[in-house]
Amino acid sequence: MLTFFILVILIIIHAIICVLAWLAKRREDSLTLENLMPIVIAVPLFGALAFALRYRMAVKKKAKRREIGLEDFNVITGHYKRIEVDDNADMEVVPLEEALTVNDSKTRHSLMMNILHGSPDEHIDILQKARNSSDTEVTHYATTMMMEILTDYETNLQDYEKRRNEEKENGEEADKNLLKEYIEYLNRFIESGLVSGAIENEYRQRLASLCEEYEQSGESMGRLVFICIRNYMQLGDNDKAYMHLQKAAEEYRGDERVLLLYGQYFDSIRDYASLRNMISYINENDIYFSRNGREWIEFWSGMPAD
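When we follow my numbering, the leftmost residue of the sequence shown carries the number 7, and every step to the right adds one.
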């Protein structure tokens, strides 16, 4: 009977040791540990001692050499340590697309870190592609950065909304400059591509409401009119888009942005006769367009007649 109780106690102690070893391995999952759990379970005492020795060696190695990852940097606010380099070294600006194709993981890690800590929101389209990479490390970095960019946008939008609510609660007249900043920032967020589907539509509805509020204030829309027109067309509200297009045409007569938006409007309502007439007018009057504008004109110039 005594032998039986001793055996039970030893089994319980062994089970506790196995659980502690498993928890230690899980807590320090970043450590390079061989899978010693089968030995810990199958070989009492010796397995636990082997695991404890290997665990201690891995912890010491990690303490001596800690690799810094992108998750340790606040890529939005730029809180990072400056890395000194040789002044005589040849420095090249590597596009993010090329950095993602580098085979060596350490080199890719370094290139991504150098490129993205400055202004990652300028590379959102590439980060979205990187999230689908077969390299789990690249996917992790891209996802982490996009989440931080999204959080920063949402925090600032909440701040704009809070300041506007405080104005209303205090009975103050709406600050036109604040409203203008809010419209521009919200538009930049929507156009960043961070949101889509129903969420994007919800933000576009908010943007449309802000545009109407600014217009009702009596202030000149100025360049905000282009933001509002594009937003109305994205929402499918062609009537409001056309109304603002007419106002923009009066204020920015002959402006490339107005003509291109008219082209998009005619395309959205399938009025290709008016679109052809506008293209002919542009070509006949030799109106100046940027390179992108000329490409758009050339594309639609080849449109066949009905």
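Glycine is no exception: its CB is placed at the ideal position from the N, C-alpha and C atoms. Please read all numbers here as calculations on a predicted model, not as lab measurements.
With three or more CB-CB distances shorter than 8 Å, the stretch 255-269 counts as touching the stretch 294-306. Annotation for D165: the continuous alpha helix (DSSP H) segment containing it runs T142 to E175.
When secondary structure is reduced to three states using DSSP, D181 falls in the coil class, being assigned neither helix nor strand. Between the C-alpha atoms of M249 and D141 there is a straight-line separation of about 49 Å. For G242, there is no enclosing alpha helix (DSSP H), since its DSSP letter is neither H nor E. Excluding residues up to 5 positions away in sequence, C234 lie with their Cβ nearer than 6 Å to the Cβ of C217 in the same chain.
For the 8 Å CB-CB criterion, M151 and L133 form a contact. Closest option to G242, judged by alpha-carbon separation, among L156, I189, D273 and I288: D273. Assignment of S296 by DSSP, reduced to helix, strand and coil, places it in the coil class. Per DSSP, D131 is one residue of the alpha helix (DSSP H) stretching across I130 to A136. Comparing alpha carbon positions, the residue from E179, I19, L13 and L200 closest to T157 is L200. DSSP, read as helix, strand or coil, puts R276 in coil.
Residue ranges of uninterrupted beta strand (DSSP E) with 3 or more members are absent from the stretch 188-265; none lies entirely inside it. In the structure shown, N291 adopts coil according to DSSP, grouped into three states. Within 10 angstroms of the beta-carbon of V25 lie fewer than 16 other beta-carbons, which makes it exposed. By the criterion of a C-beta distance shorter than 8 Å, S226 is surrounded in its chain by E257, once the five residues flanking it on both sides are discounted. At the C-beta level, N244 and I285 stay beyond 8 Å of one another. CA-to-CA, the gap between Y271 and A136 works out to about 34 Å. Separation of R210 and N237 (C-alpha to C-alpha, rounded to the nearest whole angstrom) is 7 Å.
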